[in-house]
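Participant: The sequence shown begins at -18 in this note's numbering and counts up by one.
A virtual CB, placed ideally from N, CA and C, is assigned to each residue, including glycine.
Please read all numbers here as calculations on a predicted model, not as lab measurements.
Structure in structure tokens, see below.
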Amino acid sequence: MTAIASVKGRRVWDSRGHPTVEVDVTLENGVLGRAIAPAGASRGTREAIDLRDGGKALRGKGVAQALDSVNGPIAAGLIGRDASDQRAADNVMLTLDQSPLKETLGGNATVATSLAILHAAAADAGLPLWQYVATHYGCTPSLPLPEIQIFGGGAHAGRRVDIQDFMILVPGARDFDEVMEITNEVYFAAGDIMASRGKLAGVADEGGWWPVFDSNEEALETLVAAIEKAGEKPGENVVISLDIAASEFGKNGQYRLALEDRAMDSGQLIDMLGGWMDSYPIASIEDPVGEDDPDGMIEFTRRFGDKVQIIGDDYLVTNAKLVEDAAGAGACNAVLVKVNQAGTVSESVDTFRAAKAHGWGAIVSARSGETEDVSISHLATGLGGGQLKVGSFTRSERMVKWNECLRIQDVLGRDAFVGGTPMMNTWWGAKQKETA
Ligand code: PGA
Ligand code: ZN
């Protein structure tokens, strides 16, 4: 065992210019592990709380209290502990903070610490993080299929369109490089089309184009046009993935698309999305209904669960118990895994395992507020999750994660590119048969 010698928090700044928590964990032999907490904007109500100072300074987003948690009780509880026992280390924090949403220590304090311990243990073992994760959790590593944003909307683009993420997947690609090349072509083709139509307003929070569309469906039409302009065939090698993030525009089964000034109930929203799936090559859809609409999610899954990947993000908040409940009820067939929603690595791995046990997809994901931290590229690869969601194809806090996958590919080999979760692979296999 190598014991933790010190745990130190420092304030750093994220991709939106807001403060966030970085933690250095140093072991008794001098080995260092470092990680930074990301931050969401369209947050689920049941996810771990980011502890923020409030008040006028820094728009209320100061992290002095979260840093006090790290440098005070968390450091005191962890010094002397074995860094390679991730579970025990995470349990120290769970014992210190027994509130349901980690509001005492702050999820930003716990997640940065938990990931920093993982980094320190990997460095101590002399392994890259992805390899340490695979060994530590008994997983077969594989390079994930990227899920890449082309247009941003919802809370990430001033709600200019209601739907939050218009993304592409390239499930038929032969390796990670080919996904990057095709994405480059589609991303710039989309920008050219929008600029030529006077529909481009800039870039959204995750680096995707900030669109000025007249309807949500116009985004889908433009995305299909961009895939074609890039020389690819929509629905064949390039498919569409949507994050509806419906909790952002609906409550209690009642929804309102502001762009189209259209109110609808859960059934009408499901019908509208069903219509989109008939008209556009959509292979994956996230949070199609609100986090408080289990009947809607069950109905959506009953109708479309064998056709598309249905991901719970705000709906499941990286919570193993919620995954168990949803699987039992027939809601969703995949989970988004965001380590800061759970607050610790161990709880995130529990969620990942719960999803796998039900034959679900498990998609490791970034947040809209990100940094140079590349932990998620390693987690997605080491756990062999099959899919990675990072945001768009510009801005360094996104590109750093795609580029890290390319470095991992150099070690792991091109054959380790799996091209999707089990659900995506089933879908892709069926599509291949249809077109054969
Ligand atoms: P968030 O959005 O990080 O702002 O919560 C990302 C997502 O909804 O997937
Ligand atoms: Zn989401």
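For ASP186 and ARG140, what's the separation of their Cα atoms in angstroms?
Facilitator: Taking the straight line joining both Cα atoms gives about 11 Å.
Participant: Assuming LYS83 and ALA29 form a contact by the criterion Cβ under 8 Å, report the distance between their Cβ atoms to the nearest whole angstrom.
Facilitator: Yes, LYS83 and ALA29 are in contact; Cβ-Cβ is about 4 Å, under 8 Å.
Participant: Could you give the first and the last residue of the continuous beta strand (DSSP E) run that contains ARG418?
Facilitator: In the structure as shown, the chain starts at -18 and stops at 417, and residue 418 therefore has no counterpart that could be examined.
Participant: Evaluate GLU229 with the Cβ neighbour count: other Cβ atoms within 10 Å of its Cβ, from every protein chain shown; 16 or more gives buried, anything less gives exposed.
Facilitator: Under this definition GLU229 is a buried residue.
Participant: Round the Cβ separation of ASP156 and GLN390 to the nearest angstrom and send it over; I've been treating them as touching at under 8 Å.
Facilitator: Confirmed, about 7 Å.
Participant: I want to check one thing, is the minimum distance from the CB of ASP276 to the heavy atoms of ligand 1 below 7 Å?
Facilitator: False, no ligand heavy atom lies under 7 Å from that Cβ.
Participant: If you pair each beta-carbon of the region 355 to 375 with each one of the region 120 to 136, do three or more pairs fall below 8 Å?
Facilitator: Flag = yes, the region 355 to 375 and the region 120 to 136 touch.
Participant: Hey, CYS313 and ILE344: beta-carbon distance below 8 Å or not?
Facilitator: No, the Cβ-Cβ distance between CYS313 and ILE344 is not below 8 Å.
Participant: Do PRO262 and PRO192 count as a contact pair if the criterion is CB distance below 8 Å?
Facilitator: For PRO192 and PRO262, no; Cβs fall outside 8 Å.
Participant: Out of ALA64, ASP63, THR91, SER65, which has the shortest C-alpha to C-alpha gap to THR76?
Facilitator: Ranking ALA64, ASP63, THR91, SER65 by Cα distance to THR76 puts THR91 first.
Participant: Could you check which residue in GLU3, SER65, ILE17 has the C-alpha nearest to that of ALA(-16)?
Facilitator: Checked all of GLU3, SER65, ILE17; the closest Cα to ALA(-16) is SER65.
Participant: Just to confirm, are GLY271 and LYS232 a CB contact at a threshold of 8 Å?
Facilitator: In contact: GLY271 and LYS232 (Cβ atoms closer than 8 Å).
Participant: Identify the residues that DSSP records as bridge partners of GLY350: which are they?
Facilitator: DSSP, once it has assigned bridges, lists ALA20 as partnering GLY350.
Participant: Take ASP31 and list the residues in its own chain whose beta-carbon comes closer than 7 Å to its own, dropping the five residues that flank it on each side.
Facilitator: Excluding sequence neighbours, ASP31 sits near ALA20, GLY87, GLY88, ASN89.
Participant: DSSP on THR402, reduced to helix/strand/coil?
Facilitator: The answer is coil: DSSP assigns THR402 none of H, G, I, E or B.
Participant: Determine contact between the region -9 to -1 and the region 341 to 360, defined as no fewer than three beta-carbon pairs at a distance below 8 Å.
Facilitator: Yes: the two stretches touch, three or more of their Cβ pairs being nearer than 8 Å.
Participant: Got a sec: does ligand 1 put a non-hydrogen atom nearer than 7 Å to the Cβ of LEU13?
Facilitator: No; taking the cut-off as 7 Å, the Cβ of LEU13 has no heavy atom of ligand 1 nearer than that.
Participant: Between the beta-carbon of ARG33 and the beta-carbon of GLY25, is there less than 8 Å?
Facilitator: In this structure, GLY25 does not lie closer than 8 Å to ARG33 by Cβ.
Participant: Would you say the beta carbon of ALA226 is closer than 7 Å to some non-hydrogen atom of ligand 2?
Facilitator: Yes, ligand 2 has a heavy atom inside 7 Å of this Cβ.
Participant: Shortest alpha-carbon distance to LEU223 belongs to which of THR362, ALA323, VAL326, ILE149?
Facilitator: Ranking the options by Cα distance to LEU223, first place goes to ILE149.
Participant: Shortest alpha-carbon distance to LYS61 belongs to which of ASN197, GLN249, ASN10?
Facilitator: Residue identity check: residue 61 is Gly in the sequence provided, not Lys. Comparing Cα-Cα distances from GLY61 to each of ASN197, GLN249, ASN10, the minimum goes to ASN10.
Participant: Pick out the complete beta strand (DSSP E) segments inside the region 282 to 354, 3 residues or longer, and give them in chain order.
Facilitator: Fully enclosed beta strand (DSSP E) runs of 3 or longer: 290 to 293, 315 to 318, 342 to 346.
Participant: From what residue to what residue does the beta strand (DSSP E) around SER358 run?
Facilitator: Note, SER358: premise wrong, no beta strand (DSSP E); alpha helix (DSSP H) at 356 to 364.
Participant: How about ILE266 and ILE208: are their beta carbons less than 8 Å apart?
Facilitator: No. Outside cutoff.
Participant: Taking 7 Å as the cut-off, is the CB of GLU272 close to at least one heavy atom of ligand 4?
Facilitator: Absent from the structure shown: ligand 4. Ligands present: ligand 1 and ligand 2.
Participant: How is ALA102 classed by DSSP in three states: helix, strand or coil?
Facilitator: If DSSP states are grouped into helix, strand and coil, ALA102 belongs with the helices.
Participant: How would you call PRO434, buried or exposed, if buried means at least 16 neighbouring beta carbons within 10 angstroms?
Facilitator: Any question about residue 434 goes unanswered here, given that the chain covers just -18 to 417.
Participant: If you compare alpha carbons, which of ASP146, SER123, PRO125 is closest to GLY134?
Facilitator: The residue with the shortest Cα to Cα distance from GLY134 is ASP146.
Participant: Just to confirm my understanding: we take ALA106, look at its own chain, exclude 5 residues before and 5 after, and list those with CB closer than 6 Å. What are they?
Facilitator: Excluding positions up to five away in sequence, the list reads TYR113.
Participant: Quick check: does the Cβ of ALA136 come within less than 7 Å of any heavy atom belonging to ligand 1?
Facilitator: ALA136: yes, Cβ under 7 Å from ligand 1.
Participant: Could you check whether HIS117 and ALA16 sit closer than 8 Å to each other, using their CB atoms as the reference points?
Facilitator: No; because the gap between Cβ atoms is not below 8 Å, this pair is not in contact.
Participant: What first and last residue would you give for the alpha helix (DSSP H) that runs through THR375?
Facilitator: Segment: none, THR375 is in no alpha helix (DSSP H) and carries neither H nor E.
Participant: Round the Cβ separation of ILE98 and VAL6 to the nearest angstrom and send it over; I've been treating them as touching at under 8 Å.
Facilitator: That pair is a contact at about 5 Å.
Participant: Is ILE144 helix, strand or coil when you go by DSSP?
Facilitator: Reduced to three states, the DSSP call for ILE144 is coil.
Participant: Kindly examine ligand 2 and report whether one of its heavy atoms sits closer than 7 Å to the Cβ of GLU378.
Facilitator: No, the beta carbon of GLU378 sits no closer than 7 Å to any heavy atom of ligand 2.
Participant: Within its chain, find whatever has a CB closer than 7 Å to the CB of ALA347; leave out the 5 residues flanking it on each side and keep chain order.
Facilitator: Cβ neighbours of ALA347 beyond the five flanking positions: PRO19, ILE357, LYS370, VAL371, GLY372, LYS382.
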